[in-house]
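J.:
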Amino acid sequence: MIRQGSRHPWASAQGRSQPSFNKAPCANTTPGLAPHSFVLAQTIEALSIPRDLTAVCLGTSTDARCGVVVHTTPAEAEWRGRLTLEISNTAPVPVILYPGEGIAQMLFWRAAEACEVSYADRRGRYQDQRRVTPPFVRSTIVRE
């Protein structure tokens, strides 16, 4: 679901770490997204973010103009796995999403030095996810 661009700012940096991408095969289904609905999906690519990079997954403006919004999703330093995307159809009509069509894009930022505490160091809840992962929510009791 994420389109991998042809120009990569890290490609010419010799000896520096690079994010890795591993593509999974697309399913042969064509899901329809009902009006004013929400769905979780996963990226085709498996990511492995180096310790000196941070990435953000954003929806494309073309899809947003059609009412399809992909929630901004970070991939912190040393995060690994397939991103779970939160996709909303804000349009009053159904939208068809085709596997592999590219509804999101990744932006990468390289730090001047490696981070002190990475996502892996913190043992993040979503590390190494391989399928759509629902939210890990702690229940909180509010007493009046």
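Residue numbering for the sequence shown follows numbering that gives the first Met the number 0, beginning at 0 and increasing consecutively. In this text, a Cβ means the ideal position worked out from N, Cα and C, and glycines have one as well.
1. Whole angstroms is fine: what's the gap from Met105's alpha carbon to Ala54's?
2. Shortest alpha-carbon distance to Thr182 belongs to which of Gln128, Val136 and Ile86?
3. Could you tell me the distance, in whole angstroms, from the CA atom of Val68 to the CA atom of Glu115?
4. Give me the Cα-Cα distance between Gly80 and Glu112, rounded to the nearest whole angstrom.
5. Kindly indicate which three-state DSSP category Arg130 falls into: helix, strand or coil?
6. In the DSSP assignment, what residue or residues form a beta bridge with Thr53?
7. Can you check whether the CB of Gly31 is closer than 9 Å to the CB of Ile95?
8. Rounded to whole angstroms, what is the Cα-Cα separation between Ala90 and Ile43?
9. Hey, would you say Ser145 sits closer than 9 Å to Asn88, going by beta carbons?
10. What separation, rounded to the nearest whole angstrom, lies between the Cα atoms of Ala33 and Pro73?
11. With burial defined as no fewer than 16 other Cβ atoms inside 10 Å of the residue's Cβ, what is the status of Asp127: buried or exposed?
12. Quick check on this structure: which residue in Glu75, Thr61 and His70 has the alpha carbon closest to the alpha carbon of Gln41?
T.: By the coordinates alone:
1. In a straight line, the C-alpha of Met105 is about 6 Å away from that of Ala54.
2. No information on residue 182 is available, as it lies outside the stretch 0 to 143 that the chain covers here.
3. 33 Å
4. 23 Å
5. coil
6. Trp108
7. Contact flag set, yes.
8. 25 Å
9. A question about residue 145 goes unanswered here, because the residues of the chain that appear run from 0 up to 143.
10. 26 Å
11. exposed
12. His70
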